[in-house]
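Down below is the structure, laid out as structure tokens.
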Amino acid sequence: MKKQLLYLYKNENGSMFIYLFYLSLITLLLTFTMINQLANEQSLSNLEIEALQLNMIHQQTYQTVMSQWDEIDFSQTLHFQFPNGESSVLFTRKSEEQVNMTITAYRGDQYRKTKVYQLSIPNEQKDTEI
Numbered sequence: 000m001k002k003q004l005l006y007l008y009k010n011e012n013g014s015m016f017i018y019l020f021y022l023s024l025i026t027l028l029l030t031f032t033m034i035n036q037l038a039n040e041q042s043l044s045n046l047e048i049e050a051l052q053l054n055m056i057h058q059q060t061y062q063t064v065m066s067q068w069d070e071i072d073f074s075q076t077l078h079f080q081f082p083n084g085e086s087s088v089l090f091t092r093k094s095e096e097q098v099n100m101t102i103t104a105y106r107g108d109q110y111r112k113t114k115v116y117q118l119s120i121p122n123e124q125k126d127t128e129i
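Heads up: the sequence shown runs through residues 0 to 129, numbered per numbering that gives the first Met the number 0.
Listed below in structure tokens is the structure:
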């Protein structure tokens with residue numbers, strides 16, 4: 000047994016090199032995998048933050064429109080600017096009593112979210128054309 004261990008340890012043919020090579024290869028693969036996973040987590044976190052910001056712009060726009068609902072001219076496209084982005088609101092008539100409100104939120108050139116709401120028109124504004 001002692002001869003076999005001595006043969007593996009002091010062999011000049013390179014049998015120890017194979018084990019070290021596999022060990023270093025596995026270590027490198029694990030390192031690259033961990034670095035790639037960290038980069039993916041950071042990218043996913045940034046996208047989640049952008050989605051939260053776009054949802055916040057939607058909520059701010061919706062609340063602003065609802066607070067000004069009686070003074071709104073439904074034939075215009077409204078534009079709002081907030082500290083975290085901007086939005087535009089487009090009204091299209093669905094029926095005589097309902098209108099579709101399309102809110103599009105923007106954050107830079109690459110981030111955009113559009114959502115459509117179905118709302119009823121107040122009695123005073125049913126007579127005006129959209």
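Cβ atoms here follow ideal geometry from the backbone N, Cα and C, with glycine treated the same way.
C-alpha gap between residue i and residue j, whole angstroms
{"i": "HIS57", "j": "ILE34", "result": "35 Å"}
{"i": "ASP72", "j": "PHE79", "result": "15 Å"}
{"i": "PHE31", "j": "SER23", "result": "12 Å"}
{"i": "LEU51", "j": "GLU40", "result": "16 Å"}
{"i": "VAL54", "j": "PHE16", "result": "Contrary to the premise, residue 54 reads as Asn rather than Val in this sequence. Cα-Cα distance, rounded: 57 Å."}
{"i": "LEU43", "j": "GLU95", "result": "44 Å"}
{"i": "VAL64", "j": "LEU29", "result": "52 Å"}
{"i": "VAL115", "j": "GLN59", "result": "15 Å"}
{"i": "GLU70", "j": "GLU49", "result": "31 Å"}
{"i": "GLN36", "j": "GLU47", "result": "16 Å"}
{"i": "ILE120", "j": "GLN67", "result": "13 Å"}
{"i": "TYR61", "j": "THR76", "result": "14 Å"}
Cut-off 7 Å between Cβ atoms - residues of its own chain near residue i, not counting five sequence neighbours on either side
{"i": "GLN117", "result": "LYS93, GLN97 and ASN99"}
{"i": "PHE20", "result": "none"}
Secondary structure of residue i, DSSP reduced to three states
{"i": "ILE17", "result": "helix"}
{"i": "ILE102", "result": "strand"}
Beta-carbon contacts of residue i that lie in its chain and below 8 Å, excluding the five residues immediately before and after
{"i": "THR91", "result": "VAL98, ASN99, THR101 and ILE129"}
Close beta carbons around residue i, own chain, < 6 Å, minus the five adjacent residues each side
{"i": "ARG136", "result": "Summary: the structure shown does not reach residue 136, with the chain confined to residues 0 through 129, and so no result is reported for it."}
Could you tell me which whole beta strand (DSSP E) segments of length 3 or greater appear in the region 34 to 95? Counting only runs of 3 or more, we get 77 to 81 and 84 to 92.
Would the region 69 to 86 and the region 100 to 115 be scored as touching if the rule is three or more Cβ pairs under 8 Å?
-> Per the Cβ contact rule, the region 69 to 86 is in contact with the region 100 to 115 (3 or more Cβ pairs under 8 Å).
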